[in-house]
């Protein structure tokens, strides 16, 4: 009967919810660290969230081998939604998570941070670029990811390195950017930093475009019309693909297509979708350090668990997520307890050397605001269909190719 | 109604109210956050329901008012340190003006039905893109409000533990219920019902249809503004992409539509049902060990489908009848 | 002031893309105009068609312009079945009930696509994808030209259907006067189903034409649904030429706005136009005068 189905389902769902509400008996957890992992595994950011999750999935086994700690992951899907992020964070804490890791999106991470701070549970942010998150005076929120302005600055500085290595420099540039957080921050940053950094080119124009725009022919024609030699680009994946196609269609061959730090150019779909046209595009961004021993171990474990995935494409997401869990595990090992406050203190005292982390940068050491400083960017160029480290020289996996050869 | 039935009903209401007041003390933080979310959706749904129930106009762009209200109060707080108790008035004024503008436009030009709905969507989208370009309100990077100590109650700045937010939204929901119920019995309520039944007949009776429809729209947007202010100070960050999005507008209407459009208690019942089913599904899937990202939304959609097909009036009217109560319509 | 060649290129590009948008909107115009169904799942149908083209390209190595034909037939059948078997029961329900139904369907389709295909953007690879024709100072993107061509042909076929065939005329009769049509003995259920089938088929063609230009993701639906509605209102309900015209107007005005004003505010144009049209000429550019 209709009414029966209605009521029983409703009762079932309410029952499940009520069951969840009952206080859980605390088992003697002893030497186990429960890490609540909050990532957008569905919704608009699903692609990145699932990529991050892969890094998390590999962590427990690896960390047991290397650090001797026992980690249990508690995975939750933020569904790319701020309401869900908050309630999932509450749920994880209520289910006994000792530390939280997440959540990629700055808005969601901010909501989770508030919950974490209010409940006194440490949150180690894997990826989130909004600078405000570590400006709130939180005591339980830690971030090992550079805020957007820092990424931008590093990216621009590396431009100078590219030109020095290639022994040639463009005289003019045009800057195209997607109209989102990073794009706008970069637009301001570029205007402010260019005179200070003594970069050799003149910025002819800045063209902002809508992230949701499907047709970018006009924007590209505007950029091409400036006659600039270099294309600076802040984009996301989908528009990067559309843009690159447009550039080829409109028969424009700039000296280089360089991103000072946005996603898009180094991602899998970009290379798969554009084939040879993806090659030689450059992104200056945070990355994993290919010369560290732990990176090799991590990459091997990743390849073993996800044989169909090319590690380089998941590099940033998986590595930063892994490093966040690594930080939590390292703190747990030192604190010898999974009590929230002690853990937070231990995290505050973290000092993981630069060679012991998968991601590229200085030591993992949190400043007074809970932010790690010194996370550097590297020059990543698509070569033979794979994002490859080309600068700094001592970490390079291949040689830089600049200017971009004419593809046709 | 028999005396027994009446006493039973009073007891039921009393129990619900008692539980509502006691919730922060008996339930854990997770349940509290879920109930707070449900109440927020219920309140926003009630506000939307006024426009639908009183003026019969289907607004699919109500996120406009949530966003305007949120940004107005958040902007005042961020830039001028003016607290939300004052900020909410600016929010209400702004949204009432916006709602009246859109309503006047639509009613004067006889736009109704889907075209009106599309008009509302258009304005919400225009706001979204517009606010994306307003740098001093954060632009696409978002407006972050300074978060103060969460363990002390700062009523003036509207900061405090989750329980404070819970009680606030509870009061809002109760207030909205009371307001609609009161209006229902007044002349305004009769006018609105007459207009909804037969606009031409109402006009011929001398009711200024245009004016009263406008009042309904203005009231709806004013109430939604408060939801926006709550949202801003509860989440402490605002992004145009998210707050003005079409998805949020749909989220607002889901409660009333599932619960019963145009009824007094429909939006509350509907919002509750959706949140319970949504979170309940996630819990169920976690228990069974099913890890299918996106699976919950499919089930969510399926549930919506089932309700639409088999319960066209919504959940509340048949439930009310089962409880022996007449479902009150706006 | 940009060079004339840039302006010309922008306008031409806008016309070409707009034609494909127009075809997509045409499907909605038919569904909305005849069945009076607020099809909030329209964009999801287009997304589904785009995925079909991707799969056909990957598994069967079929060019999307070839897949188009099969997809049209398939979607016509699916649309017919959906309307006949399911949606017909909702035709007389209140508007918000219809909308909720279609929104629920849209949610289900969108999330099933996410489950089935994953969140990655998927596209087709064709050999001519990045080629362009050069006509003087005009640089015409090959894919856009083909897509526009397909859209125009499809529109022609639809026009012929509605104007010349008996079924087409019967459908138009239903749109004009449902009661009268029923009195005259027309099988409304069947005709509505044919209409939905036709609408779905046009969306399928539009999707196959679009996918070489734009990679598909599961969340693409709502964008196209909104766009289709804007174009239908702009062009005028019930007018096929109007739908095409509306699409072109949107395509060109977005291109020009991008060139002359600010590309990031490009989308405001379509919504601005919608507001303008609703205020100034609610029946749309080519819509019938309302009684």
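Chains as they are written, first to last, in the numbering used here: chain A, 1 to 408; chain B, 1001 to 1330; chain C, 2001 to 2291.
Glycine included, every Cβ here is placed at the ideal spot set by N, Cα and C.
What you are looking at is a predicted structure, and each value in this text was computed from that prediction instead of being measured.
- Ranked by how close their Cα comes to the Cα of residue 403 of chain A, the residues A:115, A:338, A:358, A:165 have A:165 in first place.
- Within 9 Å of the CB of residue 238 of chain A, the CB atoms of chain C belong to 2121, 2214, 2215, 2217, in sequence order along the chain.
- Chain A has no Cβ within less than 7 Å of the Cβ of residue 2019 of chain C.
- Contact between residue 77 of chain A and residue 39 of chain A holds: their C-beta atoms lie close to 7 Å from each other, under 8 Å.
- In the structure shown, residue 1175 of chain B adopts helical secondary structure according to DSSP, grouped into three states.
- Excluding residues up to 5 positions away in sequence, 33, 98 lie with their Cβ nearer than 6 Å to the Cβ of residue 338 of chain A in the same chain.
- For residue 70 of chain A, there is no enclosing alpha helix (DSSP H); the residue is part of the beta strand (DSSP E) that begins and ends at 70-77.
- Residues of the stretch 2192-2205 of chain C with a C-beta atom less than 8 Å from some C-beta of chain B do not occur.
- Here residue 2002 of chain C carries a coil assignment [DSSP, helix/strand/coil].
- In this structure the stretch 2245-2265 of chain C does not touch the stretch 2085-2102 of chain C; the number of beta carbon pairs closer than 8 Å is below three.
- The criterion of a C-beta distance shorter than 7 Å is not satisfied by residue 2076 of chain C and residue 2199 of chain C.
- Taken atom to atom, the span from the alpha-carbon of residue 2056 of chain C to that of residue 2064 of chain C is near 8 Å.
- Going by DSSP, residue 143 of chain A is part of the beta strand (DSSP E) stretching over 141-143.
- For residue 2222 of chain C, the enclosing alpha helix (DSSP H) begins and ends at 2221-2235.
- Not flagged as an interface residue toward chain B: residue 381 of chain A, since no C-beta distance is shorter than 7 Å.
- Residue environment: residue 2280 of chain C is assigned as exposed (fewer than 16 neighbouring CB atoms within 10 Å of its CB, all protein chains considered).
- Note on residue 1196 of chain B: 16 or more other CB atoms within 10 angstroms of its CB, so buried under the neighbour-count rule.
- Residue 209 of chain A carries a strand assignment under DSSP once its states are collapsed to helix, strand and coil.
- Boundaries around residue 109 of chain A are those of the alpha helix (DSSP H), 106-119, since no beta strand (DSSP E) includes it.
- If you look at residue 196 of chain A, you'll find it in the alpha helix (DSSP H) that goes 181-197.
- Residue B:1268 holds the alpha-carbon nearest to the alpha-carbon of residue 1016 of chain B among B:1268, B:1287, B:1326.
- In terms of Cβ geometry, residue 358 of chain A and residue 294 of chain A form a close pair [threshold 7 Å].
- Between residue 1145 of chain B and residue 1137 of chain B, the C-beta spacing is not below 7 Å.
- Residue 204 of chain A is positioned such that its CB atom lies closer than 7 Å to that of residue 174 of chain A.
- Contact check for residue 1096 of chain B against residue 1221 of chain B passes: the beta carbons are separated by less than 7 Å.
- Per DSSP, residue 355 of chain A has no beta-bridge partner at all.
- The beta-carbon distance between residue 1073 of chain B and residue 1232 of chain B, rounded to whole angstroms, is 6 Å. This is short enough to meet the 8 Å contact definition.
- DSSP places residue 369 of chain A outside both helix and strand once states are collapsed to three, so it counts as coil.
- Cβ neighbours of residue 2124 of chain C within its own chain (closer than 7 Å, five residues either side excluded): 2053, 2054, 2057, 2064, 2211, 2212.
- For residue 2103 of chain C, the neighbours in chain B by C-beta distance under 7 Å run, in chain order, 1250.
- Secondary structure of residue 164 of chain A (DSSP, three-state): helix.
- Against chain A, a Cβ distance below 7 Å from residue 1140 of chain B picks out 179, 180, 181, 184.
- Under the Cβ criterion of 7 Å, residue 2002 of chain C is not counted among the residues facing chain B.
- A direct Cα-to-Cα measurement between residue 1014 of chain B and residue 1260 of chain B gives close to 23 Å.
- Identification of chain B residues near residue 83 of chain A by a Cβ-Cβ cut-off of 8 Å yields 1037, ordered along the chain.
- Per the Cβ contact rule, the stretch 2117-2137 of chain C is in contact with the stretch 240-254 of chain A (3 or more Cβ pairs under 8 Å).
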